[in-house]
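Heads up: the sequence lines are chains V and C, in that order. Oh and the first sequence: position 149 is 134 in my numbering, straight run, nothing missing. Oh and the second sequence: position 4 is -11 in my numbering, straight run, nothing missing. Everything on this sheet refers to the single structure shown next.
2 protein chains.
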Amino acid sequence: MAKDTFVEQIADIETDFPRWYTDVVVKTKLVDYGPVKGTMVIRPYGYAIWENIQKELDARFKAHGIENAYFPLLIPMSFMTKEAEHVEGFAPEVAVVTHAGGEKLAEPLCIRPTSETIIGSMYSKWIQSYRDLPVLMNQWANVMRWEKTTRPFLRTSEFLWQEGHTVHASEAEAVDMTLKMLAVYEEFAKNCLAMPVLTGRKTEKEKFAGAVATYGMEAMMHDGKSLQAGTSHYLGQNFAKAFDIKFLDKDGTQKYGYTTSFGVSTRLIGAIIMTHGDARGLILPPVVAPVQVVIVPIASKKPGVVEACRELKNTLTKAGVRVVLDESENSPGWKFNEWEMKGVPVRIELGPRDLEAGKMVTVRRDTHEKAEAELSSAAETVKALLATVQTDMYDRAKARMDSRIVRANSLDELLAGVDNANFVRAGWCGCRECEDKVKEFAQATARVMDDENTSETCIVCGKKADHTVVFARAY
Amino acid sequence: MAKDTFVEQIADIETDFPRWYTDVVVKTKLVDYGPVKGTMVIRPYGYAIWENIQKELDARFKAHGIENAYFPLLIPMSFMTKEAEHVEGFAPEVAVVTHAGGEKLAEPLCIRPTSETIIGSMYSKWIQSYRDLPVLMNQWANVMRWEKTTRPFLRTSEFLWQEGHTVHASEAEAVDMTLKMLAVYEEFAKNCLAMPVLTGRKTEKEKFAGAVATYGMEAMMHDGKSLQAGTSHYLGQNFAKAFDIKFLDKDGTQKYGYTTSFGVSTRLIGAIIMTHGDARGLILPPVVAPVQVVIVPIASKKPGVVEACRELKNTLTKAGVRVVLDESENSPGWKFNEWEMKGVPVRIELGPRDLEAGKMVTVRRDTHEKAEAELSSAAETVKALLATVQTDMYDRAKARMDSRIVRANSLDELLAGVDNANFVRAGWCGCRECEDKVKEFAQATARVMDDENTSETCIVCGKKADHTVVFARAY
C-alpha cells in the first residue's frame, strides 16, 4: 500500500479549531506556505475552487454589464496620498519598489493594495461626457497588503481577488450599484458557497479607507467568529475629486462623477472551509467543489468492476459532473478517508454485488447518508443528489447561524454572547468611544448595522441608539 | 450626431507601420498607457481578446492533464542567484521591493520576471517519489521585466501571461513535454489566432536564461519582421539541481528531476494586430474577437427595422455568436467605419428593403465581400461565414509568409532579403561570432533553427553549416 497518500491526522475541530484549520488546508493540499513570510502558494486543489468562484461571479458581473479590464500592479506613491483617508488606511501596509532595471527609481512605486487610485487616474482621462457613463469595470488581480499576522487564505500579504470599479452620473445611481453588488455577493454566497451571510452597513471605524459608506457581508465560522467575506463601497465623490473624474452633463456643466468599488478575494476559500468543515476535514459545496464525485471501486480485482467504474465515470463526465475515479492501489477504506478529508460531496461505491444488481451505492459527505441507486439512471441521480447536498448545506448553515444570533442588553450579556460563540445584536449610539469600549470589554467588533432607526438604547452609554449593530469576534 | 465616437485618423500602414500600430491599439481602445513609464492598461476591448485566448489555451492545457495553481509574486533575491545563467539573464530587468509594512526588509525581494525559481523551491518540497511524477502545473499571472523601450502588448514592464512548469522522471519525457507544448502553441496560433508560425529551436544566444534548449514559435508581422509569439523550454536538470528537486526512483536511488517551462503572453494580442490589420484598422480572427458580428440598422426610423435588428441579435446570441447591435445615433456610414477599425469580422446590414425580402446583407471585414442571405437561416449563415473568415484569414497569412521566406547564400543576399521584409533561410556554422556578424551586418537575428543536419555552408564564414537558420529582423 502506497504510503504517500496516507490520510494524516488533523487536530480536533472542537478543541483546537485554529490548528484544525491549518492542518486541513495544508494536508488536503489546498495551499502551502510560500518562501516569503506571509505569502501562500495556492495548490491545484485550492486554485480549482478559486476558478469555480471566478466562473460563477464573472458571469454575474457580466450579466450586470460589467466588463473586465487590467490595470497596472505598480502605483506611484504620489497617487496614494491624493485621497487623505485612503493613504492613512493603506500606507502602513504597502510594499514599495525602490529599484528597477538596475537603477534607483525617481519616485518609489507601491504594489497595489487596492486600485481605486490608479483606476481613478485612468477614468479621469477616459470620461468626458455624460454619454460615457456609467463606466462599469472589474479586474481579477493579485494585491498586496503587508500583514503582521497571517493565515492561509484568511490574511496573507499577497492574495487574489476581484475589484469592481464603477462611475455614475448621480449619487442615487452609485448607491444603487453599491447595493446591487452587495446583493450579487449575497446571492452568490448562498447559491454557490452554501454560505449564509448577514449584510449591512459598516461603522465609520470599520469602513474602507476613503469610502463614504461600506457595506459588507459577514459569515459565521464554525467557532462562532465572524468573517468579512465581501465588501461593496459607495465612494461618493471622494476619489472623483482626488483624481478629477469629471464629465460634461446634459445641462452643459462640468460635474464630478460618483464612484463605487466592491471586492471578494481568495479569503472566500477560507470562509467555505470554516463554515462547512467537520472533524474529518473539508466539506465542499458541490457548485464550487473541484471534484464533485469520487468513484471508489470495491473488490476492484473482480472481473468487470474497473470497467464498470470507468463507464460510470464517462457517463457522469458527459453529464457535466466533475468526477474522479480512484484507481490507486490503496484500500477502499483508505480512499474513503482520504476523499472525505478532501471534502468531495458525493462518493460512489461500486463492487461486484452492486454490478450484479445493476446498482451503485452513493454516500453523502455532509450527512454520511448512504443510499442505493440504479446504475442505469446514474447521471440523473447524481445531479439531483448534488443539488440536494448544496441546498441542505445552506439550510443547515443558515439554521445554525440563526440559532446563534442573540440579543444583549448589557456589556456583560454581550461578552457572554460572544464567549459562547454567538453573534450579538445590540443597540449602539453611534459614537466611536462606545464602539471602542465594546472591543476592549468583549474583544468584539461591530460587523454590520442592520437598522438605521431603532427604539433601543446604546449597550455602552445607555443613550438613545442610532443603530442596531451585530457585534462579534472576527477574523 | 454624437462626436465622441468619431472614427479618428490612423497613420498609413505601409509608410508608417509603427505609428499605425500605436494609433490602432489606442484608438480602438484595446489599451492605454499607464501612469508609470512602460506600463499599460488593458481596456475591456483588449482584455476580452485575452479572455478568449485564456479560455482556448486553458482548455488545451487541461486536456493534457495540466492543472492551474498560483505562486507568490515576490521572490527572495537569493533564489534568483541559484541558477547562474538565470540570474545573469534576468537580474538586470527585475523590479525590487526593499520596504514593506513601513520597514526595510531584511532581504530584498524581486517581483517575478518568471517563476522557475520560486516554483522550483516548492516542487523540491512536494516531490519525494517517482509516484509524484510527472508534476504538470500552469499559472496565469502578471510578471515584470523592466524594459528601456516599450510598446503596448509587445514589450511592457508588466505583462500578463501563462507559465507552465513541469517535472519529469526522465530526460525523454521532459523533452517530449517541451515539444508537445510547442505543438499546442502552434495549433492554437493556427486555429484560434489564424496566425501561421515557424517553430524550431533557438540558438544558444537567443535561448531562455537557464534552459538547455528553447523552442519558439515565430510569426511574420505586416512589415516582414518576426515576432516571438511563444516559447517552450527544456530545462534539463539545471533548476532541479539549483533547487534540489529530487525523487526516490523505482530502483531505490535518489535522482534529480527534469523540468520544463513554457509560456505565451499578452504579446499575442500585438501579434494578432500586426499579422492581420490593414489600412482601416484591426481585423480580428472570429475565434478570439470580442465582438464577432455587428448589426447596423439601415433607415432605423422606418417601422420594424429596430425590432427586426433586436430579434436578429437575440437569434444570434442564442446561437452562441458574440454580437452587438449598434443602436447609437450615428449614421450607418459612420458605424461601418468605426466597427471596421475595431476589426469586427462580420457586419450585418438590415434595412426596410431587406426586411421586405426576408433578407439581410453580410459584409466580411477581411475581404469586404458583400452578400445577401435569408433572415430565416441567419444563425447558420453567420456561423458558417465566421468559420470561413477564420480559415481564409489563416490561409492568406500563411500564403503571405510562405512567399516571403527566401534563401540567401551570402551576407549581401541576407541583407537584401530582410531589407525587403522577408524571412531569410541560410546555413550557419553554429558559432557565436558568425551569429553576431549577421546581427551587425543586417540587423537580423536567428529566429529558429530548422535542421540539425545540413549540407549547406555557413553564410558568414563559409565552413560547413551545422544548422539551417531562419534569420529576420524581430520585435
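Glycine included, each C-beta is placed from N, C-alpha and C at the ideal position. Owing to the predicted nature of the structure, the values given are computational and were not obtained by experimental measurement.
Residue i: contacting residues in chain V (beta-carbon distance under 7 Å)
{"i": "Thr302(C)", "result": "Going along chain V, no residue has its Cβ under 7 Å from Thr302(C), so there is no contact; the nearest lies around 13 Å."}
{"i": "Ile103(C)", "result": "Pro20"}
{"i": "Asp17(C)", "result": "Met107"}
{"i": "Trp5(C)", "result": "Simply none; closest approach about 22 Å."}
{"i": "Thr245(C)", "result": "What Thr245(C) touches in chain V: nothing, since even the nearest Cβ is about 17 Å away."}
{"i": "Trp131(C)", "result": "Ala85 and Gly86"}
Sequence-distant residues of the same chain with beta carbon closer than 8 Å to residue i, five excluded per side
{"i": "Cys419(C)", "result": "Trp413, Cys443, Ile444, Val445 and Cys446"}
{"i": "Thr453(C)", "result": "Arg410, Ala411, Gly412, Trp413, Met434, Asp435, Asp436, Thr439 and Glu441"}
{"i": "Met65(V)", "result": "His71, Val72, Phe75, Ala76, Val79, Cys95 and Thr102"}
{"i": "Glu41(C)", "result": "Phe173, Cys177, Val272 and Val273"}
Span of the alpha helix (DSSP H) around residue i
{"i": "Gly289(V)", "result": "Note, Gly289(V): premise wrong, no alpha helix (DSSP H); not H, not E."}
{"i": "Glu325(V)", "result": "Pro317 to Met326"}
{"i": "Thr7(C)", "result": "Phe2 to Lys12"}
{"i": "Lys235(V)", "result": "It is not in any alpha helix (DSSP H) - Lys235(V) carries neither H nor E in the DSSP assignment."}
{"i": "Leu340(V)", "result": "Pro337 to Ala342"}
{"i": "Asn223(V)", "result": "Asn223 to Phe228"}
Secondary structure of residue i, DSSP reduced to three states
{"i": "Tyr379(V)", "result": "helix"}
{"i": "Val445(C)", "result": "coil"}
{"i": "Ser250(C)", "result": "strand"}
{"i": "Pro61(V)", "result": "strand"}
{"i": "Val152(C)", "result": "strand"}
{"i": "Arg186(C)", "result": "strand"}
{"i": "Arg417(V)", "result": "helix"}
{"i": "Trp146(V)", "result": "strand"}
{"i": "Pro181(C)", "result": "coil"}
{"i": "Ala401(V)", "result": "helix"}
{"i": "Ser440(C)", "result": "coil"}
{"i": "His207(V)", "result": "coil"}
{"i": "Ile(-5)(V)", "result": "coil"}
{"i": "Asp351(V)", "result": "coil"}
{"i": "Asn37(V)", "result": "helix"}
{"i": "Glu357(V)", "result": "strand"}
{"i": "Ala91(C)", "result": "strand"}
{"i": "Val276(C)", "result": "coil"}
{"i": "Ser217(C)", "result": "strand"}
{"i": "Ala80(V)", "result": "strand"}
{"i": "Leu164(C)", "result": "helix"}
Contacting residues, own chain, Cβ-Cβ under 6 Å from residue i (five flanking each side not counted)
{"i": "Val81(C)", "result": "Pro93 and Cys95"}
{"i": "Ala382(V)", "result": "Pro181 and Thr260"}
{"i": "Pro137(C)", "result": "Val10, Val16 and Met25"}
Contact belief for residue i with residue j at Cβ below 8 Å, rounded distance in angstroms
{"i": "Thr24(V)", "j": "Glu143(V)", "result": "6 Å"}
{"i": "Lys327(V)", "j": "Gly266(V)", "result": "7 Å"}
{"i": "Phe224(C)", "j": "Thr244(C)", "result": "5 Å"}
{"i": "Met205(V)", "j": "Phe408(V)", "result": "6 Å"}
Close Cβ partners of residue i (< 7 Å) along its chain, the five nearest in sequence each way excluded
{"i": "Ala54(C)", "result": "Met122 and Gln124"}
{"i": "Phe193(C)", "result": "Thr199, Thr216 and His218"}
{"i": "Gln239(V)", "result": "Lys231 and Leu233"}
{"i": "Lys226(C)", "result": "Tyr241"}
{"i": "Ser395(V)", "result": "Ile444"}
{"i": "Ala284(C)", "result": "Val290, Gly336 and Pro337"}
Amino acids of chain V, ordered along the chain, whose beta-carbon sits closer than 8 Å to that of residue i
{"i": "Pro57(C)", "result": "Gly19, Pro20, Val21, Thr24, Met25, Val26 and Glu143"}
{"i": "Glu36(C)", "result": "Asn53"}
Interface residues of chain C facing residue i [CB-CB closer than 7 Å]
{"i": "Tyr32(V)", "result": "Asn53, Ala54 and Tyr55"}
{"i": "Glu78(V)", "result": "Gly86"}
Beta-carbon neighbours of residue i, restricted to chain V and to distances below 9 Å
{"i": "Val374(C)", "result": "Simply none; closest approach about 24 Å."}
8 Å Cβ cut-off: residues of chain C touching residue i
{"i": "Met122(V)", "result": "Pro29"}
{"i": "Asn223(V)", "result": "By Cβ distance, chain C contributes nothing, its closest Cβ being about 19 Å from Asn223(V), past 8 Å."}
{"i": "Pro61(V)", "result": "Pro20 and Val21"}
Enclosing beta strand (DSSP E) for residue i [first to last residue]
{"i": "His71(V)", "result": "It is not in any beta strand (DSSP E) - His71(V) instead sits in the alpha helix (DSSP H) that spans Ala69 to Phe75."}
{"i": "Asp17(C)", "result": "Val16 to Tyr18"}
{"i": "Thr453(C)", "result": "His452 to Ala457"}
{"i": "Ile103(C)", "result": "No beta strand (DSSP E) contains Ile103(C), which is instead part of the alpha helix (DSSP H) from Glu101 to Trp111."}
{"i": "Val128(C)", "result": "Val120 to Met129"}
Cβ-heavy atom distance, residue i to the ligand FAD, below 6 Å
{"i": "Thr24(C)", "result": "This structure does not include the ligand FAD; it has no bound ligands of any sort."}
Within chain C, partners of residue i - CB distance below 9 Å
{"i": "Leu94(V)", "result": "Val21 and Ala80"}
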